[in-house]
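Below is one structure, written out as structure tokens; comments come after it.
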């Protein structure tokens, strides 16, 4: 599976295109905006988009989803139903952050912990990781040791929990109890900023590093 990062919106959110090399089918993960930029990246990769995957309902991750789904005639899958209130509040989110007007929508499929989704012939595992938002999910490709973690954890930082229904204790638990046990070697793509590995964050991330006596 190939992937390409497409930074979108003023927040430089890492929209990610996952492409199955055998079929050239692709999933667009978290298309927050800049539809033309995303379409150009698909064309450059020689990829045919078959679905949109969402990690959570914040505007900079979902803002272009409805437009892209309509334009490309593809379904929107995810996040977990816990973020339904965020998707319904998209018009208010857009106004609050000074984005172009956005309309609310519901995905074609909500995701649950333990679900799987496909990109061509590649299978991604779905992990429910509440904390940043209640319905946040992570997409893991175990054979490639790669995860798209949205805004749960970053290189040297963690997701904010001061938005409605954010929960700091849940976020720490999601990272330490669900993500870190997947293995130090797992490389992750965060919602913003550079990639890292769970091992590097376990060693040095000031918010979730292993406790040392």
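In my numbering, the protein residues as written are 59 to 271. We put the beta carbon where it would ideally sit given N, CA and C, even for glycine.
Residue i by DSSP, collapsed to three states: which one?
i: residue 136; result: coil
i: residue 119; result: helix
i: residue 271; result: Unreliable placement is indicated for residue 271, whose pLDDT of 48 sits below 50; the coordinate value is still reported in the next sentence. Residue 271 falls in the coil class under three-state DSSP.
i: residue 63; result: strand
i: residue 203; result: coil
i: residue 245; result: strand
i: residue 71; result: strand
i: residue 266; result: coil
i: residue 272; result: Absent from the model: residue 272. The displayed extent of the chain is 59 to 271, so no value can be given.
i: residue 221; result: coil
Taking 8 Å as the CB-CB limit, is residue i close to chain B?
i: residue 169; result: The structure shown contains no chain B, having only a single protein chain.
The beta strand (DSSP E) spanning residue i covers which residue range?
i: residue 186; result: 180 to 186
i: residue 106; result: 106 to 111
i: residue 149; result: Not the beta strand (DSSP E): residue 149 falls in the alpha helix (DSSP H), residues 148 to 155.
i: residue 210; result: Premise fails: residue 210 is in no beta strand (DSSP E) and is neither H nor E.
i: residue 176; result: 174 to 177
Give me the Cα-Cα distance between residue i and residue j, rounded to the nearest whole angstrom.
i: residue 271; j: residue 258; result: Reliability of the predicted coordinates at residue 271 is poor, the pLDDT of 48 falling under 50, and the value obtained from them is presented with this limitation in mind. Distance between the alpha carbons of residue 271 and residue 258: 19 Å.
i: residue 214; j: residue 260; result: 10 Å
i: residue 146; j: residue 268; result: 38 Å
i: residue 3; j: residue 198; result: Within the shown structure, residues of the chain are numbered from 59 to 271, placing residue 3 beyond reach of any answer.
i: residue 219; j: residue 230; result: 10 Å
i: residue 141; j: residue 225; result: 13 Å
i: residue 82; j: residue 132; result: 15 Å
i: residue 165; j: residue 127; result: 10 Å
i: residue 129; j: residue 262; result: 43 Å
i: residue 110; j: residue 59; result: 16 Å
i: residue 191; j: residue 222; result: 8 Å
Who are the near neighbours of residue i in its chain, counting only those whose CB is closer than 7 Å to its CB and skipping five residues on each side?
i: residue 161; result: 124, 148, 149
i: residue 137; result: 112, 113, 114, 115, 169, 193, 194, 195
i: residue 52; result: Outside the shown range of the chain (59 to 271) lies residue 52, about which nothing can therefore be said.
i: residue 80; result: 178, 179
i: residue 119; result: 71, 88, 90, 112, 113, 208, 249
i: residue 236; result: 185, 187
i: residue 254; result: 213, 246
Grab me the residues of residue i's own chain with a C-beta within less than 8 Å of its C-beta, minus the 5 sequence neighbours each way, in chain order.
i: residue 84; result: 75, 76, 77, 78, 100, 103, 105, 106, 107, 108, 177, 178
i: residue 61; result: 74, 75, 76, 77, 204, 247
i: residue 139; result: 168, 193
i: residue 64; result: 72, 73, 74, 75, 92, 95, 96, 99
i: residue 181; result: 174, 175, 199
To which residues does DSSP link residue i through a beta bridge?
i: residue 84; result: 77, 107
i: residue 131; result: Answer is none; residue 131 lacks a bridge partner.
i: residue 216; result: 211
i: residue 167; result: 135
Which same chain residues, not among the five before or five after residue i, have their C-beta less than 6 Å away from its C-beta?
i: residue 233; result: 211, 266
i: residue 67; result: 90, 91, 118
Could you please give the first and the last residue of the uninterrupted alpha helix (DSSP H) stretch that includes residue i?
i: residue 233; result: Residue 233 -> no alpha helix (DSSP H), and no H or E assigned at all.
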